[in-house]
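Shown next, in structure tokens, is the structure this report addresses.
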Amino acid sequence: TRERYNFFKGCPKAKTCTIILRGGAEQFTEETERSLHDAIMIVRRAIKNDSIVAGGGAIEMELSKYLRDYSRTIPGKQHLLIGAYAKALEIIPRQLCDNAGFDATNILNKLRAKHAQGGMWYGVDINNEDIADNFAACVWEPSIVRINALTAASEAACLILSVDETIKNPRSSMDGPPGGGRGRGRGRPHAH
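Using the UniProt record's numbering, read the sequence shown as starting at 1 and increasing by one per residue.
This is the structure we're talking about:
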């Protein structure tokens, strides 16, 4: 069936607009609609929160550098905890490299060096298998997304660390040691 559309152009004060998606197969049109919706929601969130950071692992590398530097000023074993948290932050750029098939160790070494020189917005450059100033390259994320992700990860780690007992299955502890005298699944011989 042929559908007719009327287009009104040059309406600068319009409060709404319509985007027409067309395609050969319905599944492609639906996928395009989902992608467009995601893009619109990201822009909406960025405008609503009006604070962005560089993506591609840049913010995690900068936080890692800051925490490593800070941990060197802490006496006692606490510096080890802060260092471990700093190392955990580097999982994000490492995973980006792994997903793209890059040499993660090489990229992370470059990122550490660049962040040590003050390149706080440098992250993984997926297009060139290198590092780049992702803020200048318009690879951005809303700050609130990173804050929420880091908060949730920190709370989960604290919850796991707060468990101070091992949970045991009472039934398995009464049966004795695993495989105690049993071989090849035949059970214990019974005296008649």
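Even for Gly, the Cβ is constructed at its ideal location relative to N, Cα and C.
I'd like to know whether the C-beta atoms of residue i and residue j end up nearer to each other than 8 Å.
{"i": "Leu63", "j": "Ile82", "result": "no"}
{"i": "Leu150", "j": "Val124", "result": "no"}
{"i": "Glu60", "j": "Pro93", "result": "yes"}
{"i": "Gly23", "j": "Thr29", "result": "yes"}
{"i": "Trp121", "j": "Asn106", "result": "no"}
{"i": "residue 193", "j": "Ala116", "result": "One cannot answer for residue 193 here, as it falls past the ends of the chain, which runs 1 to 192."}
{"i": "residue 193", "j": "Ala88", "result": "The displayed coordinates of the chain run from 1 to 192. Any statement about residue 193 would go beyond what the structure contains."}
{"i": "Ile40", "j": "Ala46", "result": "no"}
What do you get for residue i, buried or exposed, if any count of 16 or more other CB atoms within 10 angstroms of its CB means buried?
{"i": "Ala132", "result": "buried"}
{"i": "Asn128", "result": "exposed"}
{"i": "Asn109", "result": "exposed"}
{"i": "Lys114", "result": "buried"}
{"i": "Phe102", "result": "buried"}
{"i": "Gly119", "result": "buried"}
{"i": "Arg146", "result": "buried"}
{"i": "Ala84", "result": "exposed"}
{"i": "Glu90", "result": "buried"}
{"i": "Leu161", "result": "exposed"}
{"i": "Leu159", "result": "exposed"}
{"i": "Leu36", "result": "exposed"}
{"i": "Leu80", "result": "exposed"}
If residue i and residue j are in contact, beta carbons under 8 Å, what's the gap, nearest whole angstrom?
{"i": "Tyr5", "j": "Ile20", "result": "7 Å"}
{"i": "Asn49", "j": "Ser154", "result": "20 Å between Cβ atoms; not a contact."}
{"i": "Ile126", "j": "Ala100", "result": "5 Å"}
>> Just to confirm the assignment: which complete beta strand (DSSP E) runs, minimum length 3, are found wholly within the segment 92-141?
In response: 122-125, 130-133
> Do the segment 53-63 and the segment 129-140 meet, that is, are 3 or more Cβ pairs less than 8 Å apart?
Replying inline: yes
> Taking only runs of the beta strand (DSSP E) that begin and end inside the segment 2-90, which ones reach a length of at least 3 residues, in chain order?
Replying inline: 52-54
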